[in-house]
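**Q** The structure under discussion is supplied below as structure tokens; questions concerning it will follow.
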DNA sequence: TGCATTAACTTTGTACTGCAAAGTTAATGC
DNA sequence: GCATTAACTTTGCAGTACAAAGTTAATGCA
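Residue numbers (this note's numbering), protein chains in the order written: chain A, 2 to 99; chain B, 2 to 99.
This is the structure:
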């Protein structure tokens with residue numbers, strides 16, 4: 002039996018799951034890019050990003066030159082947590098379609 | 002880009018996801034069995050089962066003889082919805098680990 | 001120099017939902 | 001008749017997603 006308690010609640014939410022999935026595909030994403038792709042209000046987006054930062058999964062990189070721009074990226078522990086989360090998803094997929 | 006809007010909210014919740022996964026592995030489960038396996042309070046369990054029934058994903062089968070026992074099982078549309086949900090999970094796993 | 005614009009926030013309010021605990025109902029077995 | 005058990009219902013709380021509106025600071029242009 003799969004241990005559903007291990008399912009990371011911070012990641013397992015539609016909004017944050019979509020953010021994590023995007024961050025996993027590229028080294029970094031600008032706030033505006035995330036907003037455009039995910040079609041979230043900026044209030045909602047930043048709140049999710051904050052939760053992920055608070056969990057230590059996401060960090061930021063500010064550009065000093067040019068327009069004010071914030072880039073978001075996965076931390077090492079964010080990558081690890083996401084990998085574990087995906088491991089559980091795989092189990093569910095395997096179990097569920099057997 | 003994965004369409005996260007398609008992610009079925011009724012299924013994508015820890016409690017109900019665990020129920021659906023269990024129901025997918027066997028033809029039916031008794032209320033007590035689900036409760037024991039998932040370690041939920043019965044109030045919580047029944048609420049999730051009600052949501053799943055309301056969505057048309059789960060139906061019940063009562064035993065007429067012997068002690069009062071209710072069995073829960075996936076409906077055809079429940080199976081279909083779960084299959085689609087798992088399809089999306091697979092996409093996430095593939096995309097996320099690339 | 002000043003003004004409009006834009007990015008990246010913060011704050012506020014609402015509506016929903018997971019969850020536990022306690023109470024209810026009906027049937028069984030002693 | 002009484003205790004026990006399954007399967008609920010009800011209630012209440014706390015947490016959270018989300019939108020909308022307001023804030024701040026920096027840029028680019030007139």
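C-beta: ideal position from N, C-alpha, C; glycine also.
Taking the alpha-carbon of residue 98(A) as reference, which of 31(B), 85(B) and 51(B) has the nearest alpha-carbon?
**A** The shortest Cα separation from residue 98(A) among 31(B), 85(B) and 51(B) belongs to 85(B).
**Q** What would DSSP say about residue 94(A), mapped onto helix, strand or coil?
**A** Reduced to three states, the DSSP call for residue 94(A) is helix.
**Q** Assign residue 2(B) to one of two classes, buried (16 or more other C-beta atoms within 10 Å of its C-beta) or exposed (fewer than that).
**A** Exposed.
**Q** Whose CA, out of 72(B), 37(B), 54(B) and 90(B), lies closest to the CA of residue 78(B)?
**A** Residue 78(B) has its Cα closest to that of 54(B), out of 72(B), 37(B), 54(B) and 90(B).
**Q** Please compile the residues from chain B whose C-beta is within a distance smaller than 7 Å of the C-beta of residue 33(A).
**A** Within 7 Å Cβ-Cβ: nothing; residue 33(A) doesn't reach chain B, min ~16 Å.
**Q** Among 41(B), 81(B), 90(B) and 4(B), which has the Cα closest to the Cα of residue 20(B)?
**A** When only C-alpha atoms are compared, the closest one is 41(B).
**Q** In or out: residue 17(A) buried (at least 16 other Cβ within 10 Å) or exposed?
**A** By the 10 Å Cβ count, residue 17(A) comes out buried.
**Q** So the candidates are 5(B), 48(B), 25(B) and 4(B); which of them puts its Cα closest to the Cα of residue 94(A)?
**A** The option with the nearest alpha carbon to residue 94(A) is 25(B).
**Q** Please name the residues in the stretch 11–32 of chain B whose beta-carbon is closer than 9 Å to at least one beta-carbon of chain A, in chain order.
**A** Those residues of the stretch 11–32 of chain B that come within reach of chain A (Cβ to Cβ, closer than 9 Å) are 13, 14, 15, 16, 18, 19, 21, 22, 23, 25 and 26.
**Q** Do we get a CB-CB distance below 8 Å when we pair residue 59(B) with the residues of chain A?
**A** False, the Cβ-Cβ gap to chain A never drops below 8 Å.
**Q** For residue 31(B), collect the residues of the same chain with a Cβ closer than 8 Å to its Cβ; drop the 5 residues on either side in sequence, then sort them by chain order.
**A** Cβ neighbours of residue 31(B) beyond the five flanking positions: 70, 71, 72 and 73.
**Q** Rounded to the nearest angstrom, what separates residue 91(A) and residue 64(A) at their Cα positions?
**A** Straight-line Cα distance between these residues: approximately 37 Å.
**Q** In whole angstroms, what is the alpha-carbon distance linking residue 57(B) and residue 76(B)?
**A** The alpha-carbon atoms of residue 57(B) and residue 76(B) are separated by roughly 7 Å.
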